[in-house]
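**Student:**
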Amino acid sequence: MKRVYLSPPHVCGDEQSLVAEAFSTNWIAPVGPHVDAFEQEFEDVVGVPHAVALSSGTAALHLAMQVLGVGSGDHVICSSLTFSASANPICYERATPVFVDCDDTWTLDPSLVEEALKCEESAGRRAKAVVAVDLYGQCADYEPILEICQRYGVPLVEDAAEALGATYKGRPSGGFGRLGVFSFNGNKIITTSGGGMLVSHEKELVDRARFLATQARDPAPHYEHSQIGYNYRLSNVLAAIGRGQLKTLAQRLSARRGVFDRYVEGLRDLAGIRFMPEASYGRSNRWLTCLTIDPSLFGTDREAVRLALEAENIESRPVWKPMHMQPVFAGARMFGGAVSERFFRDGLCLPSGSSLSPDDQDRVISIVRGSCRA
Ligand SMILES: Cc1ncc(COP(=O)(O)O)c(C=O)c1O
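Following this note's numbering, the numbering of the sequence shown begins with 1 at its first residue and continues without gaps.
Rendered as structure tokens:
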């Protein structure tokens, strides 16, 4: 039986001809016309005026920390329910992550953000940044989060790595904070095999990130450096892939949402299954279809379902293990915790790629149905 992957790369447009063009013009380089065009086209799609294409979403988050001046002794508030790359760059800069739980939208609980910022203030500190994550393609609740951040004078970074094409109150993800981050890793809505984008309404922040990403080269005919830099730019060949992928974003979004709708159709009558809800304030891109399984109603637990799928060569994954439960962050301060702990215990991500065939999806549905012991 051929393997069904969670979220495999999906080539469905002009990627090959754009890459061929990069070869025929000899722009097999770390910069070039496809990089410039990709940045511009991306700015138009997300409605943010400045963007720099980078080698990964993690690099984008790292540069976000750098341009906000995060450093040793600083505290940065971060969603706990996320992939580790949301939090690791805080530690690259020797700052301390402070984790905050989610609410029933699976994204940052604004009241706990406030509690964390208040607590920092009573300790005589001001947190250096808040990192909000648009989890599994659903935006965080930005109106209250921004109001709180503004009141405490703390900049917001939006980790929209999983959320290209999602909206919050009609506006696209990525533009809510001072900086927004996207990933083009192989499992994302669009991929460049590996890559990322840092966006901002503030030109100076993006210019500074571009400078740092290009080895912090001072203007001079020779190599002159007055600061430590990074080699974080996206190559022209990979930007060509990204341009091809971006052209078909609308089809990709409707395919992902279609996959979600079909799972709901096929599984909603089963006792104990709850799909990740779509928050009333926005539209999720349904990057991954996630659900929780209540073993007391379903008759068996999340892990049994995952293993039943694996036995049929189908990849599914537990929901992210929250950062406050990770050994590497043992001892980190955490506000709340019970909500994300429950999502991790009971949550499962089902195969959700935009190229998932109806037949393969039917296999997934019938195995999940067959695992129900209610
Ligand atoms: C929420 C989140 N943040 C950051 C990243 C890091 O992106 P990248 O893999 O492009 O470095 C990812 C995924 O990979 C992610 O899911």
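We treat Cβ as the ideally placed atom computed from N, Cα and C, and that holds for glycine.
#1: For a test of the three-state rule: what should DSSP assign to R233, helix, strand or coil?
#2: With hydrogens ignored, establish whether the beta-carbon of D159 is closer than 6 Å to any heavy atom of ligand 1.
#3: Return the CA-CA distance between N88 and C78, expressed in angstroms with no decimal places.
#4: With a threshold of 6 Å (Cβ to nearest heavy atom), would S86 be considered close to ligand 1?
#5: Which one of L81, T96 and A64 has the shortest CA to CA distance from G331?
#6: Is the stretch 196-213 in contact with the stretch 166-186, if contact means three or more CB pairs nearer than 8 Å?
#7: Buried or exposed for F23, going by 16 or more other Cβ atoms inside 10 Å?
#8: Quick one: what's got a C-beta closer than 8 Å to Y230's C-beta in the same chain, skipping five residues either side?
#9: In terms of residues, what are the limits of the beta strand (DSSP E) holding P97?
#10: Drop a sphere of 10 angstroms on the beta-carbon of M1, count the other beta-carbons inside from all chains shown, and report buried for 16 or more, exposed for fewer.
#11: Please go through the stretch 84-139 and give each complete beta strand (DSSP E) segment of 3 or more residues, from N-terminal end onward.
#12: With hydrogens ignored, establish whether the beta-carbon of T300 is closer than 6 Å to any heavy atom of ligand 1.
#13: One question on the structure: do L6 and P327 come within less than 7 Å of each other, judged by their Cβ atoms?
#14: In the DSSP assignment, what are the bridge partners of R171?
#15: Determine, using beta carbons only, whether G377 and G57 come nearer to each other than 7 Å.
#16: F343 lies in the alpha helix (DSSP H); which residues open and close that run?
#17: Evaluate H225 with the Cβ neighbour count: other Cβ atoms within 10 Å of its Cβ, from every protein chain shown; 16 or more gives buried, anything less gives exposed.
#18: Can V133 be considered in contact with ligand 1, in the sense that its beta carbon sits closer than 6 Å to one or more heavy atoms?
#19: Residues bridged to H50 by DSSP?
#20: List the DSSP bridge partners of P318.
#21: Report whether the distance from the Cβ of S56 to the nearest heavy atom of ligand 1 is below 6 Å.
#22: Apply the 10 Å Cβ neighbour rule to G73 and answer buried if 16 or more other Cβ atoms are within range, or exposed otherwise.
**Tutor:** Taking the coordinates as given:
#1: Numbered from its first residue, the sequence shown carries residue 233 at position 233. Residue state, collapsed to three classes: strand.
#2: In the sequence shown, residue 159 corresponds to position 159, counting from 1. Yes, ligand 1 has a heavy atom inside 6 Å of this Cβ.
#3: Counted from its first residue, the sequence shown places residue 88 at position 88. Counted from its first residue, the sequence shown places residue 78 at position 78. So the alpha carbons of these two residues sit roughly 10 Å apart.
#4: Taking the sequence shown and counting its residues from 1, one reaches residue 86 at position 86. Checking the Cβ of S86 against ligand 1 gives yes.
#5: In the sequence shown, counting from the first residue as 1, residue 331 sits at position 331. For G331, the nearest C-alpha among the options comes from T96.
#6: yes
#7: Start at 1 with the first residue of the sequence shown, and residue 23 comes out as number 23. Looking at its Cβ environment, which holds fewer than 16 other Cβ atoms inside 10 Å, F23 is exposed.
#8: Looking up residue 230 in the sequence shown gives position 230. Closer than 8 Å at Cβ, skipping near neighbours: A59, H62, L63, L212, A213, Q215 and A216.
#9: What you label residue 97 is simply residue 97 of the sequence shown in a count that begins at 1. Per DSSP, P97 belongs to the beta strand (DSSP E) from T96 to V100.
#10: Within the sequence shown, the letter at position 1 stands for residue 1. Exposed, by the Cβ-count rule.
#11: 96-100 and 129-133
#12: Locating residue 300 in the sequence shown gives position 300, counting from the first residue. No; taking the cut-off as 6 Å, the Cβ of T300 has no heavy atom of ligand 1 nearer than that.
#13: Within the sequence shown, the letter at position 6 stands for residue 6. Within the sequence shown, the letter at position 327 stands for residue 327. Cβ atoms of L6 and P327: not closer than 7 Å.
#14: On the sequence shown, position 171 is the one that residue 171 refers to. Answer is Y168.
#15: With the chain represented from 1 up to 374, any question about residue 377 goes unanswered, as that position is not in the structure.
#16: Indexing the sequence shown from 1 puts residue 343 at position 343. That run of the alpha helix (DSSP H) goes A338 to D346.
#17: Here residue 225 corresponds to residue number 225 of the sequence shown, with the count starting at 1. It counts as exposed.
#18: As a position in the sequence shown, residue 133 is number 133, starting the count at 1. Because some heavy atom of ligand 1 lies under 6 Å away, the Cβ of V133 counts as near it: yes.
#19: For the purposes of this step, residue 50 is taken as the residue at position 50 of the sequence shown. DSSP, once it has assigned bridges, lists S200 as partnering H50.
#20: Numbered from 1 along the sequence shown, position 318 holds the residue referred to as residue 318. Paired residues: L348.
#21: Taking the sequence shown and counting its residues from 1, the one referred to as residue 56 is at position 56. Because some heavy atom of ligand 1 lies under 6 Å away, the Cβ of S56 counts as near it: yes.
#22: As a working note, residue 73 is residue 73 in the sequence shown. Exposed, since its Cβ has fewer than 16 Cβ neighbours within 10 Å.
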